[in-house]
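Going by our numbering, the sequence shown wraps up at 863, each residue one higher than the last.
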Amino acid sequence: MLPILFANFRLDANERRLEQGGAPVELGARAFDLLCVLVQSAGRMVTKTELMDRVWPDVIVEEANLHVQMTALRKAIGREAIATVPGRGYQFVLPLQGGRALPAPSSTGADSAVPAFAALTPLLGRDDDLARVAQALAHPTQGGFVTITGAGGSGKTLLARHVAARSGLVDGRAPVWVDLLEVNRPDAVVPAVALAAQVPGPPRQALKLAQALRDARLLLVLDNAEHVLQAVADLTAVLRREAPGVRLLVTSQAPLHGAGETVHALRGLSVPPAPCSAAEALRHAAVALFVAQARQADRRFRLEDAQVEDVAAICASLGGSALGVQLAAALLGQMPLAAVRSRLARAHTGPEEAAVDPAANVLRSALSWSHDLLGPAAQRVFRRLAIAQGPLPLALVQGLAADSEEPDAIDAVTTALADLVDRSLVQCAPAPDAAPEDAPRYRLLEAPRALALEQLAAAGERALVLARLARALAPLGDQWHAALWRGERPPPDEPALRAAMPGPADIAAAFEAALQAPGLASATVLARMCCLVHTIAKRHPVAERLRWAQAASERADEAGLSAALQGRLLLTATTLVRHSDWGAKLAMLQRSVAAWHNAGDLAGELRALASLAETHAFAGRLAEAEAVLQRVRELDDPASPPGRQRLRWYAEGLVAGSAGDLPRAITAWREHLRLARQYGESELELVRALHSLAHDELLSGEAAAALPRLQQAVEMARRQADREALHAYLLPSLVAARLALGDLPGARAAAAEGWPQARGLDADAWWADHLALLAWQEGRPRTAARLLGLADAAYTRQNDTRQALETRVVSAVEAALRAALGEALHTALRAEGRAQDAAPAVFAAALALADGPALLTSAAPQ
Numbered sequence: 002m003l004p005i006l007f008a009n010f011r012l013d014a015n016e017r018r019l020e021q022g023g024a025p026v027e028l029g030a031r032a033f034d035l036l037c038v039l040v041q042s043a044g045r046m047v048t049k050t051e052l053m054d055r056v057w058p059d060v061i062v063e064e065a066n067l068h069v070q071m072t073a074l075r076k077a078i079g080r081e082a083i084a085t086v087p088g089r090g091y092q093f094v095l096p097l098q099g100g101r102a103l104p105a106p107s108s109t110g111a112d113s114a115v116p117a118f119a120a121l122t123p124l125l126g127r128d129d130d131l132a133r134v135a136q137a138l139a140h141p142t143q144g145g146f147v148t149i150t151g152a153g154g155s156g157k158t159l160l161a162r163h164v165a166a167r168s169g170l171v172d173g174r175a176p177v178w179v180d181l182l183e184v185n186r187p188d189a190v191v192p193a194v195a196l197a198a199q200v201p202g203p204p205r206q207a208l209k210l211a212q213a214l215r216d217a218r219l220l221l222v223l224d225n226a227e228h229v230l231q232a233v234a235d236l237t238a239v240l241r242r243e244a245p246g247v248r249l250l251v252t253s254q255a256p257l258h259g260a261g262e263t264v265h266a267l268r269g270l271s272v273p274p275a276p277c278s279a280a281e282a283l284r285h286a287a288v289a290l291f292v293a294q295a296r297q298a299d300r301r302f303r304l305e306d307a308q309v310e311d312v313a314a315i316c317a318s319l320g321g322s323a324l325g326v327q328l329a330a331a332l333l334g335q336m337p338l339a340a341v342r343s344r345l346a347r348a349h350t351g352p353e354e355a356a357v358d359p360a361a362n363v364l365r366s367a368l369s370w371s372h373d374l375l376g377p378a379a380q381r382v383f384r385r386l387a388i389a390q391g392p393l394p395l396a397l398v399q400g401l402a403a404d405s406e407e408p409d410a411i412d413a414v415t416t417a418l419a420d421l422v423d424r425s426l427v428q429c430a431p432a433p434d435a436a437p438e439d440a441p442r443y444r445l446l447e448a449p450r451a452l453a454l455e456q457l458a459a460a461g462e463r464a465l466v467l468a469r470l471a472r473a474l475a476p477l478g479d480q481w482h483a484a485l486w487r488g489e490r491p492p493p494d495e496p497a498l499r500a501a502m503p504g505p506a507d508i509a510a511a512f513e514a515a516l517q518a519p520g521l522a523s524a525t526v527l528a529r530m531c532c533l534v535h536t537i538a539k540r541h542p543v544a545e546r547l548r549w550a551q552a553a554s555e556r557a558d559e560a561g562l563s564a565a566l567q568g569r570l571l572l573t574a575t576t577l578v579r580h581s582d583w584g585a586k587l588a589m590l591q592r593s594v595a596a597w598h599n600a601g602d603l604a605g606e607l608r609a610l611a612s613l614a615e616t617h618a619f620a621g622r623l624a625e626a627e628a629v630l631q632r633v634r635e636l637d638d639p640a641s642p643p644g645r646q647r648l649r650w651y652a653e654g655l656v657a658g659s660a661g662d663l664p665r666a667i668t669a670w671r672e673h674l675r676l677a678r679q680y681g682e683s684e685l686e687l688v689r690a691l692h693s694l695a696h697d698e699l700l701s702g703e704a705a706a707a708l709p710r711l712q713q714a715v716e717m718a719r720r721q722a723d724r725e726a727l728h729a730y731l732l733p734s735l736v737a738a739r740l741a742l743g744d745l746p747g748a749r750a751a752a753a754e755g756w757p758q759a760r761g762l763d764a765d766a767w768w769a770d771h772l773a774l775l776a777w778q779e780g781r782p783r784t785a786a787r788l789l790g791l792a793d794a795a796y797t798r799q800n801d802t803r804q805a806l807e808t809r810v811v812s813a814v815e816a817a818l819r820a821a822l823g824e825a826l827h828t829a830l831r832a833e834g835r836a837q838d839a840a841p842a843v844f845a846a847a848l849a850l851a852d853g854p855a856l857l858t859s860a861a862p863q
């Protein structure tokens, strides 16, 4: 086998020789074998168990041996060559420069194609629970709504995950999972569910969400609902009434007491009666779980008959709590079995708690005891990780827990985190879909986090840790700014950037902390990380976004803050302001332009100017928009990356379209589309680019050119599950194109797909005029008149006005209706369409084959 080269090393497995720069490197036999296994699996995480099985085949060794050999290996080849994945294993991360990967040693039975954490944790002793919950969800008349209840640590989440996995796809759609631990306010529940279900907006009212999901068929899992119980109860009630195709699975420490709810109380894992044999004891789930966890702590552990009494007593004292059993078993690496039993037998936190729930009392004691046995470094990581409401990537855990950026301090956090995972105090969660499969995330479950929060408060470190989290997010903000805001790198980097970020609640908490902390250092961190808030803004109420925008605008005046960071902070602030608040938006953009200009940053100045031109155009200030656009042209460099050039052409298209200069707008949109494709823009953005061009082609009478663009955009939106784009403006435009080409069946088909979703998206204003034209052309004039009235009311409700395409459609339909119906009847029918109480009937009749009655509410005029 050819030698393997990495860095300045040469590894020859046949000769069992490692050289650095031509000189031999002294390495022990086990450390050499360890290196061979890791290099053979380069780019893949190798579990600790797999390493021990392959390096020490047929020999039972302590895990400490692995740590010793790993230390020796890292000392020889450099610590940066091998990454630790805490709680999982190790990964060789240096690129291989020559030769081929080593063959896998024959001693292993591991399947390297499957990551160690890809599969769900086995569900021990819960087969009956799994079957009952699945049956209740699927019941044809009384099912569809199940709440799994149980104490913290009982295994509710794991059972729900198995139920979701068992349910598979429904109408091609995977179960929607919402982790409510990351939701810290009742009013954030609906937006969190909407975003998880890919409902655009997102709506903040349960009714709007339910209407958007009215025709959906899916399984919605709401995990850890106990701290927002009433909000979840209210949402499930509305979903049950308005979206019958949505099945609901909730986990909570208490039931919701909702109509039609099936409550499945999760009891402790089964514990054997004593006395019994080891074989009999292992048939009980609590003992099986204890033994499996104990073997991770001590690979030599085997359950013998003589140990059954101690293990059964431990499991019984914990009430069969899955988390408690895991915590107790993890202690076997530090003390004998009998000592664990004895300590738990003495456990108590107070007579009142013990009287209410002795098992919970012992679980709490087991948590405290496990914490007390930790070293100072692990205790520090444990309490600081409590600041996170959701799972964090390793880099962010290191950032908030390490006391310095020195390699030794980072390594200490990594080692401590691995210890916490081994003790079942920290959960190592699978990475999100966009992340590499060797990059799990780390979080505290509810019971350990409650203890950790107490420890964090006692240490007085909450503000410190939040500040560190914000500081750790600053480099990610720099990358996001460069990749997506400045257009320097193609957006395919976006999934990797998102995978490196924490959950929305933790981004918001870090941003809020940096916003409130005084001083130049915090203002600098704020300005660097602020663009990340743009990714989560829709989850927050308008009032909160406006408060953030105002505070960020004020912090931009911090003495000593660089002009470039001022520009970034102000540009983010403009994205948090409502589109209709032109005054505030224009003022912030003008300050941002000045800041970028003072910084000498042409790319930043161009982006801010392009946004300023667009805002002037939206506000109807066309002269100002043209003046600003001229400055954009002067800064635009044809040699700059296409991602940057496209900013100019988007502004060109918007300003020209607003001015009614359609030939110039179409030219601009075509160039924008070309650059977006060259840039590697995501389909979500290409959808908008295609629609902008097709919209102005329709206005120019080029329906034949617009139609294929709209069809392509519709298919992209379907692939991306971009329901807002699809139902709010792509399908209405497709209806307009079909009508312009005289294709009434095609127009009706597009309308049948999108119109039922329009009310849930509050998009009926953009639909109704086109449907009025369809109704007129199909010979349904009374329906057409009412639809014009429905559109009138919708535009008034939204404080919006018709755009050029809709204005043209209305003019044509109005003229035809007046001639066919007479002025009086047309006016009366249109007034009916505007009436709020008639809206449901008008909406329902929009695509009826027959025309509606003469009048719904009164006799026809004479």
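Ideal Cβ positions, reconstructed from N, Cα and C, are used throughout, including at glycine. Remember, it's a predicted structure, so these values are computed and weren't measured experimentally.
Grab the span of the beta strand (DSSP E) containing T252 for me, first residue to last. For the purposes of this step, residue 252 is taken as the residue at position 251 of the sequence shown. Where T252 is concerned, the enclosing beta strand (DSSP E) stretches over V247 to S253.
When L470, L516 and P519 are compared against A501, the one with the closest alpha-carbon: For this step, residue 501 is matched to residue 500 along the sequence shown. The candidate whose alpha carbon is nearest that of A501 is L470.
By how many angstroms is the C-alpha of L138 removed from the C-alpha of A378? In the sequence shown, the residue the question calls residue 378 occupies position 377. In the sequence shown, the residue the question calls residue 138 occupies position 137. So the two alpha carbons sit approximately 45 Å from each other.
Three-state secondary structure (DSSP) of L7: One-based indexing of the sequence shown puts residue 7 at position 6. Residue identity differs from the one stated: residue 7 is Phe in this sequence, not Leu. Strand at F7.
Per-residue DSSP class, three states only, for R284: What you label residue 284 is simply residue 283 of the sequence shown in a count that begins at 1. Coil at R284, not helix or strand.
Quick one: grab the DSSP three-state call for F302. To locate residue 302, count along the sequence shown from 1; it is residue 301. Coil.
At least three beta-carbon pairs within less than 8 Å, the stretch 416-431 to the stretch 125-140: no
So, is H696 buried or exposed, given that buried needs 16 or more other C-beta atoms within 10 angstroms? On the sequence shown, position 695 is the one that residue 696 refers to. So H696 ends up on the buried side.
Exposed or buried, N225, counting other C-beta atoms within 10 Å across all chains shown (16 or more means buried)? Looking up residue 225 in the sequence shown gives position 224. Per the 10 Å Cβ criterion, buried.
Report the option in V47, Q98 and A313 whose CA atom is closest to the CA atom of L3. For the purposes of this step, residue 3 is taken as the residue at position 2 of the sequence shown. That would be Q98, whose Cα lies nearest to the Cα of L3.
Inspect the CB distances between the stretch 700-707 and the stretch 719-732 and report whether three or more fall short of 8 Å. no
V814 - containing alpha helix (DSSP H), residue span: What you label residue 814 is simply residue 813 of the sequence shown in a count that begins at 1. Here the alpha helix (DSSP H) through V814 covers A805 to L822.
Ends of the alpha helix (DSSP H) at L687? Taking the first residue of the sequence shown as position 1, residue 687 is located at position 686. Looking at the DSSP string, the run of the alpha helix (DSSP H) that includes L687 is E684 to L700.
Under 8 Å by Cβ, that's how I've got G391 and P503 pegged, so tell me the actual separation to the nearest angstrom. As a first step, residue 391 must be located in the sequence shown, where it is residue number 390. As a first step, residue 503 must be located in the sequence shown, where it is residue number 502. About 6 Å; that satisfies the 8 Å criterion.
Using the Cα positions of P58 and D34, report the straight-line distance between them to the nearest angstrom. Taking the sequence shown and counting its residues from 1, one reaches residue 58 at position 57. Taking the sequence shown and counting its residues from 1, one reaches residue 34 at position 33. In a straight line, the C-alpha of P58 is about 11 Å away from that of D34.
Is D558 helix, strand or coil by DSSP? The residue you call residue 558 lines up with position 557 of the sequence shown. Reduced to three states, the DSSP call for D558 is coil.
What separation, rounded to the nearest whole angstrom, lies between the Cα atoms of Q758 and W178? Within the sequence shown, numbered from 1, the residue matching residue 758 stands at position 757. Within the sequence shown, numbered from 1, the residue matching residue 178 stands at position 177. Q758 and W178: Cα-Cα distance of roughly 22 Å.
Mind checking who H265 pairs with in its DSSP beta bridge? In the sequence shown, the residue the question calls residue 265 occupies position 264. BP columns for H265 point to I149.
For T536, report the span of its beta strand (DSSP E) as first-last. The residue you call residue 536 lines up with position 535 of the sequence shown. That residue, T536, is in no beta strand (DSSP E); it is neither H nor E in DSSP.
Could you tell me the boundaries of the beta strand (DSSP E) in which W178 lies? Locating residue 178 in the sequence shown gives position 177, counting from the first residue. V177 to D180 is the span of the beta strand (DSSP E), which, as asked, contains W178.
Measure the C-alpha to C-alpha separation of W597 and L454 and round it to an integer number of angstroms. On the sequence shown, position 596 is the one that residue 597 refers to. On the sequence shown, position 453 is the one that residue 454 refers to. Straight-line Cα distance between these residues: approximately 42 Å.
How would you call R336, buried or exposed, if buried means at least 16 neighbouring beta carbons within 10 angstroms? Position 335 of the sequence shown holds residue 336. The residue you asked about is not Arg; residue 336 is Met in the sequence shown. With fewer than 16 other Cβ atoms within 10 Å, it is exposed.
Can you tell me the Cβ-Cβ gap for V222 and P176, rounded? I've got them flagged as a contact below 8 Å. As a first step, residue 222 is located in the sequence shown; it is residue number 221 there, counting from the start. As a first step, residue 176 is located in the sequence shown; it is residue number 175 there, counting from the start. The Cβ separation is near 6 Å, so the contact holds.
Inspect the beta-carbon positions of V26 and V38 and report whether they are closer than 8 Å. Translated into positions along the sequence shown, residue 26 becomes position 25. Translated into positions along the sequence shown, residue 38 becomes position 37. No, the Cβ-Cβ distance between V26 and V38 is not below 8 Å.
Cutoff 8 Å: A293 Cβ touching any chain C Cβ: Chain labels in this structure do not include chain C; a single protein chain is all it has.
Using 8 Å as the cut-off, can you tell me whether the stretch 144-155 makes contact with the stretch 256-269, which would need three or more C-beta pairs spanning the two stretches below that distance? yes
Do A24 and L95 count as a contact pair if the criterion is CB distance below 8 Å? Here residue 95 refers to the residue found at position 94 when the sequence shown is read from its first residue. Here residue 24 refers to the residue found at position 23 when the sequence shown is read from its first residue. Taking 8 Å as the Cβ cut-off, L95 and A24 do not qualify as a contacting pair.
Just the Cα atoms here: how many angstroms apart are A851 and A611? In the sequence shown, counting from the first residue as 1, residue 851 sits at position 850. In the sequence shown, counting from the first residue as 1, residue 611 sits at position 610. Cα to Cα, A851 sits roughly 49 Å from A611.
Taking the straight line between their C-alpha atoms, what separation do you get for R783 and A855? Position 782 of the sequence shown, counted from the first residue, corresponds to residue 783. Position 854 of the sequence shown, counted from the first residue, corresponds to residue 855. Roughly 7 Å separates the two Cα atoms.
Which runs of the alpha helix (DSSP H) spanning at least 4 residues fall entirely within the stretch 651-682, listed in chain order? 663-680
How long is the line joining the alpha carbons of L230 and A657, rounded to whole angstroms? Translated into the one-based positions of the sequence shown, residue 230 becomes position 229. Translated into the one-based positions of the sequence shown, residue 657 becomes position 656. The straight-line gap from Cα to Cα measures roughly 51 Å.
Compare the Cα-Cα distances from A524 to each of L533, H535, V534 and F512 and report the closest residue. The residue given as residue 524 occupies position 523 in the sequence shown. Ranking L533, H535, V534 and F512 by Cα distance to A524 puts F512 first.
Please name the residue in L623, G601, R803 and H285 whose C-alpha comes closest to that of Q567. Taking the sequence shown and counting its residues from 1, one reaches residue 567 at position 566. Of L623, G601, R803 and H285, the residue nearest in Cα terms is G601.
Residues bridged to D224 by DSSP? Taking the sequence shown and counting its residues from 1, the one referred to as residue 224 is at position 223. Per DSSP, D180.
Cross-strand partners of V47 (DSSP beta bridge): In the sequence shown, counting from the first residue as 1, residue 47 sits at position 46. DSSP output for V47 lists Y91 as bridge partner(s).
Among the candidates A73, R300 and T415, whose CA atom is the shortest distance from the CA of R89? As a first step, residue 89 is located in the sequence shown; it is residue number 88 there, counting from the start. The candidate whose alpha carbon is nearest that of R89 is T415.
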